[in-house]
Amino acid sequence: MKSATSHDLVITGGTIVTEAAVERKDIGIRNGLIAEIADNMDPSGAQIIDAHGLTVMPGVIDTHVHFNEPGLESWEGFQTGSAALATGGGTCFLDMPLNAVPPTITVRALQQKRDRAAGKTYADYGFWGGLMPGYLKELPLLADAGVIGFKAFMSSPGDKDKDGFRRSDDETLREGMRMIAETGKLLALHAEHEPTIARLTREARRLGRFDPASYTASRPIEAEVEAVETALRYAAESGCRLHFVHISSESAAKRIREARLAGVDVTLETCPHYLCLTDNDFAVMGAVAKCAPPLRNAEEQGKLWDRLQGGWFDFLSSDHSPCPAGMKTGDDMFETWGGIAGVQSTLELMLDEGYLKRGVPLPLLARLLSGAPAERFGLDRAKGRIALNCDADLALVDLNAPYTLKASDLYQKHRHSPYIGRSFGCKVKMTLLRGQLTYSEGSPFPNRGTGREFSIVCPGEVNISS
14 MKSATSHDLV ITGGTIVTEA AVERKDIGIR NGLIAEIADN MDPSGAQIID
64 AHGLTVMPGV IDTHVHFNEP GLESWEGFQT GSAALATGGG TCFLDMPLNA
114 VPPTITVRAL QQKRDRAAGK TYADYGFWGG LMPGYLKELP LLADAGVIGF
164 KAFMSSPGDK DKDGFRRSDD ETLREGMRMI AETGKLLALH AEHEPTIARL
214 TREARRLGRF DPASYTASRP IEAEVEAVET ALRYAAESGC RLHFVHISSE
264 SAAKRIREAR LAGVDVTLET CPHYLCLTDN DFAVMGAVAK CAPPLRNAEE
314 QGKLWDRLQG GWFDFLSSDH SPCPAGMKTG DDMFETWGGI AGVQSTLELM
364 LDEGYLKRGV PLPLLARLLS GAPAERFGLD RAKGRIALNC DADLALVDLN
414 APYTLKASDL YQKHRHSPYI GRSFGCKVKM TLLRGQLTYS EGSPFPNRGT
464 GREFSIVCPG EVNISS
C-alpha cells in the first residue's frame with residue numbers, strides 16, 4: 014500500500030472513467046492537480062473522499078452557455094448559472110457573447126463581462142467574442158484580448174433590442190471569416206438559413222398558425238443544411254477554423270463530416286435536448302421546450318444517436334438559454350422566448366439516456382463532455398481528462414440513484430426546464446474544481462468564487478487567471 018502523506022486529498026474506492034478505460038482506482042490530489050492514480054492508496058495524512066459505489070467522471074466542460082451578465086442578471090447571472098452547472102458535475106463553461114447588455118462585440122464589453130464574473134463562479138470559464146455587422150474592426154482587438162473564439166448567427170437571434178446581437182449577412186460572414194482566420198481563432202456558427210425561415214414564418218402567420226408544429230415547420234432541416242453548406246464554402250475559401258453549434262439533423266452532420274474529411278478544420282456539437290426530447294414533447298410542453306433549431310421527430314433523434322456513437326459529433330453542450338418564466342407562456346410559439354434551460358442536467362441526461370438506457374460507453378461520453386472540448390480550445394494539457402498533472406476537475410456520480418427532477422432541485426435563477434418531472438437513473442453527488450468541492454449533495458456549495466478565467470491569446474497559449 015502506497016503512502017499518500019504528500020497529497021492534500023485522496024478519493025478512494027471510486028470507479029474512474031478515462032477516454033481509454035473504466036477501472037477502480039484511487040486518485041491523489043496535490044495543489045489542485047491529479048498527482049497520483051493508483052490501486053489501494055494509503056490516505057494517511059490527507060483529506061479523504063470515500064467514493065465507493067461512485068463513478069468518477071472528468072468535470073463537464075460546457076462550451077455553450079448564456080449566463081446573460083452583464084445587463085440581464087434578472088434572467089440568470091454567473092453565480093446562479095455556474096451553481097447549476099456545478100450541481101450537474103460541470104467545472105468549466107464558455108459564455109456566449111449575446112443575451113448580455115452590451116453583447117461582447119468590443120474589448121470594453123469583454124472587460125465588463127470579466128469584471129462581473131470575477132469572484133462569482135463555481136467553475137472556471139472563458140468568453141466568446143461576437144462577429145456582427147458594423148464591428149469587424151473589433152475582431153483582432155478581441156482576439157488579442159483573449160476571447161476563446163467568435164460566435165455568429167446566420168439567422169436572426171430574436172433580439173429585438175436595437176443594440177442587441179444581430180445576424181451576419183453574407184458579406185459580413187465572409188469578411189469576418191477572413192479576419193478571424195488571420196487570428197488563428199475559430200468561429201462558432203448558429204447555422205440556419207434566414208431567408209427560408211423568414212418566408213415560412215410569414216406564411217404560417219398569414220394562415221393564423223402559431224402552434225408548436227407550425228414553428229417547427231418554419232425551421233426545417235433544409236434550412237440548417239443550406240446554412241451549413243454556405244459556411245463550409247466560405248471556410249474553404251478563407252481557411253477559417255469552424256465550429257457548428259447545436260446541430261439538430263443527420264443531414265447537416267453529414268455535410269460537416271464530408272468537409273472535415275476533405276480537409277476543412279471544422280467541429281460540431283449537438284445538445285442533450287435533441288437527444289432526449291422530440292417534437293412531440295414540444296407539442297405537449299409548449300414554449301418551455303422551444304429552441305432553435307427546433308426539436309426534431311423521433312426518427313431524426315434516432316439517427317443522431319447512431320451518428321454520435323459513430324463518432325460524427327465532437328462534443329455535447331447544453332446551449333443553456335434561460336429567461337424569466339413569464340417569457341415562456343402564451344400560445345404564440347413564434348413570439349415566446351426560444352431557448353432551453355438545461356445546464357444542470359447535461360451529464361445526468363447523457364448518463365441516463367446514453368449509458369444506462371442505450372449502452373453508450375462511458376469513455377465516449379467522457380470524451381464528448383470533457384476531453385474533446387478541452388482539446389478544441391487548447392485546454393487538454395490542464396483540463397478534460399483524469400490524468401496525471403491535469404486539474405482535479407471531477408464529477409462523482411452514483412449510477413444507481415434513481416430520482417425524479419423537481420423544480421426545487423434546480424439552482425438556476427428561474428426554475429423552469431423541460432426536464433422537470435423526468436425520472437433519472439443516476440445522480441451527481443459531488444463536483445470538484447481543482448481539488449476543491451464546489452458542489453456536495455446535502456451541503457451544496459462550500460466554495461463559491463473559486464472559478465478562474467482562462468483566455469487564449471494565440472492557439473496553444475492558455476493563460477489562467479489566479
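Numbering follows the numbering used here, in which position 462 of the sequence shown is assigned residue number 475; successive positions increment by one, without gaps. Note that beta-carbon positions come from the ideal geometry of N, C-alpha and C, so glycine has one too.
Under the three-state reduction of DSSP, which class applies to residue 1: helix, strand or coil?
Nothing can be reported for residue 1, as the shown portion of the chain is limited to 14 through 479.
Within 8 Å, do at least three Cβ pairs link the stretch 366-386 to the stretch 20-35?
yes
For residue 101, is the classification buried or exposed, using 16 other Cβ atoms within 10 angstroms of its Cβ as the cut-off for buried?
Buried.
Below 7 Å CB to CB, which residues in the same chain sit around residue 43 once its five sequence neighbours on both sides are set aside?
19, 20 and 21
So residue 347 packs on residue 228, CB below 8 Å; how close in whole Å?
6 Å
Go ahead and label residue 475 buried or exposed: buried means 16 or more other beta carbons lie within 10 angstroms of its beta carbon, across all protein chains shown.
Note on residue 475: pLDDT 43, under 50, position unreliable in the model; no value is reported.
Quick check for students: name the residue ranges of the alpha helix (DSSP H) that lie wholly in the stretch 109-135, counting only runs of 4 or more.
120-130
Would you report the Cα separation of residue 230 and residue 103, rounded to the nearest angstrom?
34 Å
Could you tell me the alpha carbon to alpha carbon distance between residue 404 and residue 446, rounded to whole angstroms?
The alpha-carbon atoms of residue 404 and residue 446 are separated by roughly 8 Å.
Can you give me the Cβ contacts of residue 435 inside the same chain, cut-off strictly under 6 Å, excluding the 5 residues immediately before and after it?
418
Can you pull the DSSP bridge partners for residue 78?
108 and 333
Going by alpha carbons, who is nearest to residue 335 out of 97, 46, 273 and 313?
97
Going by the beta-carbon positions, is the gap between residue 244 and residue 167 smaller than 8 Å?
yes
Whole angstroms is fine: what's the gap from residue 466's alpha carbon to residue 220's?
49 Å
Given a cut-off of 8 Å, decide if residue 439 and residue 366 are closer than it, judged by their beta-carbon atoms.
no
Taking residue 358 as the reference, give the member of 88, 329 and 386 with the closest Cα.
329
What separation, rounded to the nearest whole angstrom, lies between the Cα atoms of residue 254 and residue 393?
18 Å
Residues in the same chain with beta-carbon distance under 6 Å from residue 470, minus the five sequence neighbours each way, listed in chain order, please.
Bear in mind that the predicted position of residue 470 carries a pLDDT of just 47, short of 50, making it unreliable; the figure below should be weighed with that in mind. 159, listed in sequence order.
Kindly indicate the opening and closing residues of the alpha helix (DSSP H) around residue 349.
It is not in any alpha helix (DSSP H) - residue 349 carries neither H nor E in the DSSP assignment.
Is residue 467 helix, strand or coil by DSSP?
Strand.
Using the Cα positions of residue 120 and residue 154, report the straight-line distance between them to the nearest angstrom.
7 Å
Could you tell me which residues DSSP puts in a beta bridge with residue 138?
106 and 466
DSSP beta-bridge partners for residue 416?
Note: residue 416 sits in a beta bridge opposite 437.
Going by other Cβ atoms of all chains shown within 10 Å of its Cβ, with 16 needed for buried, is residue 274 buried or exposed?
Under this definition residue 274 is an exposed residue.
Scan the stretch 223-296 and note each continuous alpha helix (DSSP H) run of 4 residues or more that stays entirely inside, going in chain order.
225-230, 234-251, 263-274 and 285-289
Could you check what DSSP says for residue 342 in three-state terms: helix, strand or coil?
coil
How would you call residue 110, buried or exposed, if buried means at least 16 neighbouring beta carbons within 10 angstroms?
Within 10 angstroms of the beta-carbon of residue 110 lie 16 or more other beta-carbons, which makes it buried.
Where does the unbroken alpha helix (DSSP H) through residue 316 begin, and where does it stop?
311-322
If you compare alpha carbons, which of 293, 397, 406 and 318 is closest to residue 308?
Ranking 293, 397, 406 and 318 by Cα distance to residue 308 puts 293 first.
With the cut-off set at 8 Å, would you say residue 58 and residue 49 are in Cβ contact?
no
I'd like to know whether the C-beta atoms of residue 177 and residue 448 end up nearer to each other than 8 Å.
no
DSSP three-state call for residue 453: helix, strand or coil?
strand
Return the first residue and the last residue of the alpha helix (DSSP H) that residue 357 is part of.
It is not in any alpha helix (DSSP H) - residue 357 carries neither H nor E in the DSSP assignment.
Have a look at the DSSP bridge pairing and note the partners of residue 442.
Looking at the DSSP assignment, residue 442 forms no beta bridge with any residue, so it has no partner.
Can you list, in chain order, the residues of its chain with a C-beta nearer than 6 Å to that of residue 411? Leave out the 5 residues immediately preceding and following it.
67, 440 and 442
Leaving out five residues before and five after residue 451 in sequence, what residues of the same chain have Cβ atoms less than 6 Å from its Cβ?
99, 135, 444 and 460, listed in sequence order.
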